[in-house]
Structure formats: C-alpha cells, structure tokens
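Next comes the structure, spelled out in structure tokens:
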C-alpha cells in the first residue's frame, strides 16, 4: 500500500470520527511522510477550514489568523 493511500485512509477515518463528535474546538494532528518528515494538519469546525501538511510555522500563522478575526 502506498504512503499516499495510507494517508488518505487515515484522513478518512479521522474525518469519520470527528464527524461523529460535534466539537467546536480546533483539532490539530500530525502526519509523517516515508522519509520521516513531520507535517501538521488542523481543522476548524466553526469556519469549516482545514490546513494540510503544513510546517509548524504555517500552523502557527493559521491559528493566529483564526483568533485574530
């Protein structure tokens, strides 16, 4: 199974689980590629926005934009 397919399955499972819970909190999680690089993902259910495969700096900026609206 390719790394990309594994990541798609993992994301689908995550969205299924989060869809079953009605939390309004931002959800943040990490993923890694086959080289061991870590990326950040986040979902904001209030604005229905998500961030995918971002650096830590990109995640911080995304979060700051959310709270400075």
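In this note's numbering, the protein residues as written are 362 to 430. Ideal Cβ placement from N, Cα and C applies to all residues, glycine included.
Measure the beta-carbon distance from residue 355 to residue 400 and round it to whole angstroms, keeping in mind my assumption that it falls under 8 Å. Look at the range of the chain in this structure, 362 to 430, and you will see that residue 355 is not part of it.
On the three-state DSSP scale, how would you describe residue 369? The answer is helix: DSSP assigns residue 369 an H, G or I state.
Candidates 366, 417, 407, of which the one nearest residue 390 by Cα: Each of 366, 417, 407 was checked against the Cα of residue 390, and the nearest Cα belongs to 417.
Nearest-angstrom Cα distance between residue 385 and residue 425? Their backbone Cα atoms lie some 17 Å apart in a straight line.
So if DSSP puts residue 412 in a beta bridge, which residue, or which two residues, is it bridged to? Residue pairing by DSSP places residue 412 opposite 403 in a beta bridge.
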